[in-house]
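Everything below concerns the one structure shown next.
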Amino acid sequence: MEMSRYQVLTDSDVDQFLTQGFVAVRGCFSRRAAEEFTGPVWDRLGYAAADPSTWAEPTVHLAGKRSIDVREFAPKAWAAVCDLVGGEERISTDRPYVWRDSFILNLWQGADEPWAPASPTSPGWHKDGDFFRHFLDSPEQGLLTLVLWTDVRHQGGATFVAADSVAPVARFLAAHPEGAYPFPQPPGVDDAPVFSFSDLVASCEEFVEATGEAGDVYLLHPYILHAKSQNTLRLPRIITNPPLTLAEPMRFDRADPSLVEQAVLRALGTSSHPFTRTAERQELVPPRVALQRERMAEEERRLAGRAR
Ligand SMILES: O=C(O)CCC(=O)C(=O)O
Ligand SMILES: [Fe+2]
Numbered sequence: 001m002e003m004s005r006y007q008v009l010t011d012s013d014v015d016q017f018l019t020q021g022f023v024a025v026r027g028c029f030s031r032r033a034a035e036e037f038t039g040p041v042w043d044r045l046g047y048a049a050a051d052p053s054t055w056a057e058p059t060v061h062l063a064g065k066r067s068i069d070v071r072e073f074a075p076k077a078w079a080a081v082c083d084l085v086g087g088e089e090r091i092s093t094d095r096p097y098v099w100r101d102s103f104i105l106n107l108w109q110g111a112d113e114p115w116a117p118a119s120p121t122s123p124g125w126h127k128d129g130d131f132f133r134h135f136l137d138s139p140e141q142g143l144l145t146l147v148l149w150t151d152v153r154h155q156g157g158a159t160f161v162a163a164d165s166v167a168p169v170a171r172f173l174a175a176h177p178e179g180a181y182p183f184p185q186p187p188g189v190d191d192a193p194v195f196s197f198s199d200l201v202a203s204c205e206e207f208v209e210a211t212g213e214a215g216d217v218y219l220l221h222p223y224i225l226h227a228k229s230q231n232t233l234r235l236p237r238i239i240t241n242p243p244l245t246l247a248e249p250m251r252f253d254r255a256d257p258s259l260v261e262q263a264v265l266r267a268l269g270t271s272s273h274p275f276t277r278t279a280e281r282q283e284l285v286p287p288r289v290a291l292q293r294e295r296m297a298e299e300e301r302r303l304a305g306r307a308r
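When we follow UniProt numbering, the leftmost residue of the sequence shown carries the number 1, and every step to the right adds one.
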């Protein structure tokens with residue numbers, strides 16, 4: 001019998017990752033572990049879990065305070081991550097892959113409007129990685145992870161995934177060796193393009209809602225376009241989206257490309273694609289960070305007040 005090259009991914013997982021850009025790894029940790037880790041969230045927010053009238057904002061993205069060792073906490077997810085990026089040695093040791101309590105809550109986004117299924121005109125499509133200039137081979141966002149800390153139901157604020165978006169993003173980045181910015185830069189900084197996610201998603205036709213149960217983990221290609229959805233059920237939905245930093249930039253001309261690299265090659269319709277950047281890598285400070293700092297200061301004040 002031929003041994004699988006992968007620790008946990010089945011043939012159909014591999015096929016799904018290459019054709020649809022994601023796999024769902026179910027049951028990576030217990031509901032109890034999820035409840036423990038998310039327990040402090042309501043005090044952090046200053047909302048009462050049982051009283052929706054206190055939920056001032058429809059969605060919140062908290063800053064991270066604690067981190068979790070994925071290998072220990074969710075060994076199946078860790079193994080699947082290693083399967084996708086081409087082995088543990090391809091993960092950065094300077095910036096290890098950890099999960100944090102930087103929770104993204106969707107409490108009642110768009111709940112006043114009738115439910116609208118995912119389409120190219122849904123608001124908020126983006127590729128993750130608002131903290132760097134993007135190239136075809138960027139190591140800063142080696143994989144996109146969605147960790148489900150609560151059950152996530154249809155129409156209950158699941159992340160929308162454009163399952164056929166790897167190809168348009170790959171073609172765009174291959175055509176722009178000077179890179180692309182995730183958000184507009186001050187005038188005169190550079191003439192590199194800014195992603196137009198609405199243009200990129202316009203050609204997509206295959207949309208998925210990343211639903212599941214507490215303990216499920218979606219592992220997605222870093223190019224995958226995704227968006228927040230409405231939560232018309234008004235049931236609290238809590239996820240995190242930890243990035244994975246690669247030890248080295250991706251390579252599209254090696255003998256043993258990772259599944260993430262293979263998906264790019266497939267999208268470009270080739271088996272090898274030597275890629276050379278024409279501009280420097282660049283770290284960016286996203287507008288999100290200033291907001292999160294403010295929120296964290298407010299949170300610290302509130303929690304200190306409670307402890308007295
Ligand atoms: O809240 C969601 O469902 C998605 C959030 C997201 O994609 C992000 O914050 O980058
Ligand atoms: Fe995102």
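Glycine included, C-beta positions come from ideal geometry on N, C-alpha and C.
Own chain, CB closer than 6 Å to residue i, minus 5 neighbours either side, in chain order
i	result
A79	Q7 and V8
E299	R44
P243	Q141
W55	Y47 and L107
V194	Y181 and P184
D128	Q141 and L144
Residues of its chain near residue i, where Cβ-Cβ distance is below 8 Å and the 5 sequence neighbours each way are ignored
i	result
E89	A247
Q38	The question names Gln, but residue 38 is Thr in the sequence shown. D101, F103, W149, T150 and I238.
W115	Q155, Q230 and T232
Ligand 2 heavy atom lying under 7 Å from the CB of residue i
i	result
D128	yes
N106	no
N231	no
Cβ-heavy atom distance, residue i to ligand 1, below 7 Å
i	result
I238	no
H61	yes
residue 318	Residue coverage of the chain in this structure runs from 1 to 308, which leaves residue 318 outside it and unanswerable.
T159	yes
Spatial neighbours of residue i in its chain, beta-carbon cut-off 7 Å, leaving aside the 5 residues before and after
i	result
L233	R153, Q155 and G156
L84	F17, L143, L219, S258, L259 and V260
E205	D164
A77	V25, C28, V70 and V217
Beta-carbon separation (whole angstroms), residue i vs residue j, contact threshold 8 Å
i	j	result
Q230	A111	7 Å
W42	A49	5 Å
A267	A167	4 Å
R95	T245	4 Å
F22	H221	7 Å
residue 312	F207	For the chain, the structure presents residues 1 to 308; residue 312 sits outside this window and is missing.
T278	E178	5 Å
H125	T240	Sequence inspection shows Trp at residue 125; the His mentioned does not correspond to that position. Contact flag wrong, Cβ pair sits at about 20 Å.
Check: residue i C-beta below 7 Å from any heavy atom of ligand 3
i	result
H226	Ligand 3 is not part of this structure, which contains only ligand 1 and ligand 2.
(request) Taking 8 Å as the threshold, find out whether the region 207–214 comes into contact with the region 148–157 through three or more Cβ pairs. (result) yes
(message) Whether or not the region 107–120 and the region 55–64 are in contact is what I'm after, with contact meaning three or more pairs of Cβ atoms, one per stretch, closer than 8 Å; do they touch?
(response) yes
(message) Count Cβ pairs between the region 222–237 and the region 129–148 that sit closer than 8 Å; are there 3 or more?
(response) yes
(message) Three Cβ pairs or more, each shorter than 8 Å: is that satisfied between the region 126–139 and the region 170–182?
(response) yes
(message) If we require 4 or more residues per run, which alpha helix (DSSP H) segments fall completely within the region 49–78?
(response) 70–73
(message) Whether or not the region 161–172 and the region 274–286 are in contact is what I'm after, with contact meaning three or more pairs of Cβ atoms, one per stretch, closer than 8 Å; do they touch?
(response) no
(request) Within the region 93–146, note down every full beta strand (DSSP E) run reaching 3 residues or more, in order along the chain. (result) 98–100 and 104–106
(request) Could you name each continuous alpha helix (DSSP H) segment of 4 residues or more that falls completely within the region 174–229, going from the start of the chain to the end? (result) 197–201
(message) List, from N- to C-terminal side, the alpha helix (DSSP H) runs of 4 residues or more that fit wholly inside the region 232–271.
(response) 259–268
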